[in-house]
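Start counting the sequence shown at 1; every next residue gets the next number (our numbering).
Just so you know, even glycine gets a beta-carbon here, dropped at the ideal spot from N, CA and C.
First the structure, in the form of structure tokens, and then the observations on it.
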Amino acid sequence: MYKSENFVEKVKYLTNDVGVDVVYDGVGKDTAILGLDCLKPLGTMVVFGNSSGNCPPIDPGLLASKGSLFFTRPTLMTYGTKKKDLLHSSGRVFEMLSTNKIKLEINTSYNLSDVSKAHTDLELRKTFGSIVMKNDY
């Protein structure tokens, strides 16, 4: 979507120029700075991926000038360093999966012998959602 339409204008239109509380960005370089323009004052930008490349450095002054915004780049391992926390979090995810509160989108499956094709398709951004590697050895 971010390549085919101006998502900042779309968000502003949908929110009557108010903006949103949180932006979750899995793209990175191409969208992270633009995503800041979708936030309302005191909003939070969460960058969790970098499919277009690493996010550029963010100047704290920019965050201040756009409404005292917050910016974070969480990593899973920070939240799973203690075994009990990891077990609790994963248990909640598995519970939501089993009750269809969240659904996995598996786009493509590859045989393990085709791992290089899987990597190429990921790099060329031919995939979306999750991919599954099947053991064919």
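Compare the C-alpha of residue i against each of the options and name the closest.
i      : options                           : result
Val11  : Leu39, Ile33 and Asp25            : Leu39
Lys66  : Thr127, Val20, Asn16 and Asp136   : Val20
Thr44  : Val22, Asn100, Leu87 and Gly91    : Val22
Ile102 : Thr120, Phe94 and Thr108          : Phe94
Thr127 : Asn135, Leu112, Ile106 and Asp114 : Ile106
Report yes if the CB atom of residue i is closer than 8 Å to the CB atom of residue j, and no otherwise.
i      : j      : result
Val47  : Ala32  : yes
Ser52  : Gly28  : yes
Ser130 : Leu104 : yes
Which partner residues does residue i have in the DSSP bridge list?
i     : result
Thr72 : Val46
Met96 : Answer by DSSP bridge pairing: none, since Met96 is not bridged.
Val20 : Leu39
Over the uninterrupted beta strand (DSSP E) stretch that includes residue i, give me the two end residues.
i      : result
Ser109 : Ile106 to Asn111
Thr29  : It is worth fixing the name first, because residue 29 is Lys in this sequence and not Thr. Where Lys29 is concerned, there is no enclosing beta strand (DSSP E), given that its DSSP letter is neither H nor E.
Between which two residues does the alpha helix (DSSP H) holding residue i run?
i      : result
Asp121 : Val115 to Glu123
Ser65  : Pro60 to Ser65
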